[in-house]
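Scroll down for the structure; my scribbles are underneath it.
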Amino acid sequence: MLSKRVIVCLDVRDGKTTKGIKFKGNVDIGDPVDMARIYYEAGCDELVFYDITASHEKRGIMIDVVRRVAETIFIPFSVGGGISSVEDMRDVLLAGAEKISVNSAAVKNPKIITQGAEAFGNQCVVLGMDVKKVEKSEKIPSGYEIVINGGRTYMGIDALWWAQEGERLGAGEICLNSIDADGTKEGYELELTALISENVNIPVIASGGGGIPQHLADVLKEGKADAALIASMVHYGTYTIPEIKDHLKSQGISVRDELQ
Numbered sequence: 001m002l003s004k005r006v007i008v009c010l011d012v013r014d015g016k017t018t019k020g021i022k023f024k025g026n027v028d029i030g031d032p033v034d035m036a037r038i039y040y041e042a043g044c045d046e047l048v049f050y051d052i053t054a055s056h057e058k059r060g061i062m063i064d065v066v067r068r069v070a071e072t073i074f075i076p077f078s079v080g081g082g083i084s085s086v087e088d089m090r091d092v093l094l095a096g097a098e099k100i101s102v103n104s105a106a107v108k109n110p111k112i113i114t115q116g117a118e119a120f121g122n123q124c125v126v127l128g129m130d131v132k133k134v135e136k137s138e139k140i141p142s143g144y145e146i147v148i149n150g151g152r153t154y155m156g157i158d159a160l161w162w163a164q165e166g167e168r169l170g171a172g173e174i175c176l177n178s179i180d181a182d183g184t185k186e187g188y189e190l191e192l193t194a195l196i197s198e199n200v201n202i203p204v205i206a207s208g209g210g211g212i213p214q215h216l217a218d219v220l221k222e223g224k225a226d227a228a229l230i231a232s233m234v235h236y237g238t239y240t241i242p243e244i245k246d247h248l249k250s251q252g253i254s255v256r257d258e259l260q
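In structure tokens form, the structure reads like this:
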């Protein structure tokens, strides 16, 4: 049985880790380099770093912060935000990341997925998807729409179609974030996660809504996700990563025990 992954997400704004609810009301909560080291030492399987305002502000990612985080941890490290070209991808990988996450830029220019996969391998390219539940329509038959620019711009693109298209273009993984569940700590969007997981052949990371360890168990089982992204529940000290993993093991879910 393949182990499920517990991934910690650091949303970064102006060089500080920040957290909001449904992409709004963000407050700064700490230094990303210090927090990355703490989570690495606590046993998280991967770390995700998002420069959450880079796309909206039409600027490049904070490469110096990426480099400092990469020097601190020795687990897979995925970076996103403001990456809009193969050159940006190369810069991030050379700064020490293992994966590049493309979100808004991929919606605007889908070729970047293929270009990144051809240059660095499918395993390096993560398709980030920010998704909002909407009324089902001819344009959005799944009832889930792609939203870009940090939750600001609705694109009229069906989330299921985009996930499958992203896989076809060369993405090696999907990070699926529910805007409706983001930061609520009330549980992941299980219907959305299962819909995407069942209809692509690449790993799906569930994101948005984790509040208690059982939420992770639910999305890894019912949502059929390969990994669960967490933020609030560890950022505020509510749970530790060992506590979360122990709960998952008690539910019969295989997780990695030690740093590998």
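Going left to right, the sequence shown walks through residues 1 to 260 as my numbering numbers them.
Heads up, the beta-carbon is just placed ideally off N, CA and C, and yes, glycines get one too.
Computed from a prediction, not measured in an experiment: that's the story for all the values here.
Backbone secondary structure at residue i - three-state DSSP
i    : result
E98  : coil
Q260 : Per-residue confidence for Q260 stands at a pLDDT of 46, beneath the threshold of 50, marking its modelled position as unreliable; no derived number is given.
Y144 : strand
I253 : coil
Y236 : coil
I83  : coil
K224 : coil
G166 : helix
G30  : strand
K139 : coil
K245 : helix
K185 : coil
I38  : helix
E118 : helix
Paired residues, beta bridge with residue i - DSSP
i    : result
L47  : V8, F77
C175 : G128, I205
D158 : E145
T153 : I148
T17  : V12, G30
L229 : I7
K133 : Y144
From the options, residue whose alpha carbon lies closest to that of residue i
i    : options               : result
A106 : K99, E118, V126, G96  : V126
N177 : A36, G223, L169       : G223
S254 : D45, E118, E71, I38   : D45
G208 : H247, V131, G166      : V131
C124 : E167, G43, H235       : E167
R90  : P76, E138, V102, G116 : G116
L195 : S101, P141, N122, P32 : P141
P32  : K4, L2, G128, I63     : I63
K245 : I38, A42, D14         : A42
S232 : G183, L190, I241      : G183
L229 : K185, Y144, Q251      : K185
I241 : G252, K221, G211      : G211
R67  : K136, K221, V92       : V92
I213 : R256, L94, A181, H247 : With the sequence shown as reference, residue 213 is identified as Pro, and Ile is not the correct amino acid for it. P213 has its Cα closest to that of H247, out of R256, L94, A181, H247.
Y50  : K139, K111, D14       : D14
Other residues of its chain near residue i: CB distance less than 7 Å, five sequence neighbours each side excluded
i    : result
A225 : T193, S197, V204, I205, A206, V219
M35  : L10, T17
Rounded distance between the beta-carbons of residue j and residue i, thought under 8 Å
i    : j    : result
V48  : L216 : With 8 Å as the limit, V48 and L216 do not qualify as a contact, their Cβ atoms being about 15 Å apart.
Y40  : T72  : 7 Å
V12  : V65  : 6 Å
V69  : F77  : 7 Å
E202 : A171 : Rather than Glu, the amino acid found at residue 202 in this sequence is Ile. With a Cβ gap of about 7 Å, I202 and A171 count as contacting.
N149 : S104 : 6 Å
G80  : I100 : 7 Å
Cut-off 8 Å between Cβ atoms - residues of its own chain near residue i, not counting five sequence neighbours on either side
i    : result
N199 : L160, A163, Q164
I179 : K22, F23, D130, V131, K132, V147, G151, G208
T114 : L169, G170
Own chain partners of residue i with C-beta closer than 6 Å, once the 5 adjacent residues on each side are dropped
i    : result
G187 : G209, H215
N122 : G170, G172
R256 : S3, D45
E189 : S178, A181
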